[in-house]
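Okay, structure first, notes after.
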Amino acid sequence: MDETGTARMISFVIPLLNEQDSLQPLYEAITRAVVLLPPCYQAYESLFIDDGSTDRSPAILRDLHDCDPCHVRVIQFRRNFGKTPAMTAGFARARGEVVVTMDADLQDDPAELPKLLAKLDEGYDLVGAWRTNRNDPLSKRLPSKIANFTISRVTGLKLRDLNCGFKVYRREVTRDLKLYGELHRFVPVLAHWKGYRTTEVP
Ligand code: UDP
Ligand code: MG
């Protein structure tokens with residue numbers, strides 16, 4: 000329960016493009032993770048935004064929805080618009096007071112959620128995860144290290160892993176941000192500029 004004693008709903012917002020192999024495992028990981036959350040968080044929904052996949056992702060999502068219609072919602076794009084529009088569509092439809100963004104490629108482990116939620120309870124509005132052992136090649140890690148360093152320097156916001164998709168937000172933040180282009184990468188910076196309290200946990 001929150002300070003007023005009411006339960007809070009979590010909306011998982013999951014943009015995806017051609018992730019047919021990870022959707023079922025991801026769905027199962029979320030289902031396992033929510034059971035272990037504090038009682039105030041037992042209500043949840045997973046919003047999968049299919050960003051124009053050409054593989055079996057749309058069919059798999061339909062099956063997940065048919066099997067678990069209370070928890071699985073699917074937004075289907077007609078073509079690939081990009082991760083930012085997919086996240087924006089999810090943010091607009093999320094019903095939970097707490098919004099969790101995750102990538103669909105199993106890089107983010109929903110079992111880490113309690114740590115991020117604990118930070119919200121400390122009063123933060125946006126909590127990101129930074130990846131301690133990143134399963135990416137150096138060709139992805141190096142540019143991302145340089146970007147994190149530069150952005151931290153320019154904005155004064157000390158963050159280690161801007162591009163990690165795993166974040167929890169108070170809903171106000173997701174409704175307040177106007178995202179376009181590739182701005183999903185800069186969500187913590189935009190939120191910080193708007194005066195929201197932003198932090199990161201490993
Ligand atoms: N994604 C998407 N639309 C795109 C590209 C990617 O919805 O046009 C999804 C992708 O399926 C994944 C997330 O966005 O769930 C992050 O994508 P990716 O793993 O390629 O990014 P990275 O981990 O390199 O930041
Ligand atoms: Mg990824």
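Quick note, in numbering that gives the first Met the number 0, the sequence shown goes up one by one and the last residue is 201.
All C-beta atoms in this analysis are idealised placements derived from N, C-alpha and C, irrespective of residue type, glycine included.
Just so it is clear, the structure is predicted and the values come from calculations on it, not from any experiment.
7 Å CB neighbourhood of residue i in its chain, flanking five on each side removed
| i | result |
| --- | --- |
| glycine 122 | Arg196 |
| threonine 87 | Leu178 |
| asparagine 147 | Leu158, Arg159, Asp160, Leu161 |
| glutamine 106 | Asn134 |
| threonine 198 | Lys118, Tyr123, Val126 |
Coarse secondary structure for residue i, derived from DSSP in three states
| i | result |
| --- | --- |
| proline 14 | strand |
| glycine 221 | With the chain running from 0 to 201 in the structure shown, residue 221 is simply not present. |
| valine 49 | For the record, residue 49 in the displayed sequence is aspartate; it is not valine. Reduced to three states, the DSSP call for aspartate 49 is strand. |
| aspartate 160 | coil |
| serine 21 | coil |
| alanine 103 | coil |
| tyrosine 179 | coil |
| leucine 35 | coil |
| alanine 93 | coil |
Contacting residues, own chain, Cβ-Cβ under 8 Å from residue i (five flanking each side not counted)
| i | result |
| --- | --- |
| arginine 72 | Glu44, Ser45, Leu46, Phe47, His64, Arg92 |
| leucine 22 | Leu15, Phe47, Ser56, Ile59, Leu60, Leu63, Ala103 |
Own chain partners of residue i with C-beta closer than 6 Å, once the 5 adjacent residues on each side are dropped
| i | result |
| --- | --- |
| serine 52 | Leu16, Asn17 |
| leucine 189 | Leu176 |
| phenylalanine 90 | Thr173 |
Residue i - containing beta strand (DSSP E), residue span
| i | result |
| --- | --- |
| glutamate 199 | 197-200 |
| arginine 169 | 166-169 |
Paired residues, beta bridge with residue i - DSSP
| i | result |
| --- | --- |
| tyrosine 43 | Ile9 |
| valine 98 | Ser10, Tyr168 |
| glycine 127 | Lys166, Glu199 |
Residue range of the unbroken alpha helix (DSSP H) whose run includes residue i
| i | result |
| --- | --- |
| glutamine 211 | Missing from the structure shown is residue 211; the chain here goes from 0 to 201 and no further. |
| tyrosine 80 | At residue 80 the sequence reads phenylalanine, which differs from the tyrosine that was named. Careful: phenylalanine 80 lies outside any alpha helix (DSSP H) and carries neither H nor E. |
| asparagine 147 | 137-154 |
| leucine 63 | 56-66 |
| histidine 191 | 186-192 |
Flag this pair as touching only if the stretch 93-111 and the stretch 3-19 have three or more C-beta atom pairs under 8 Å; answer yes or no.
yes
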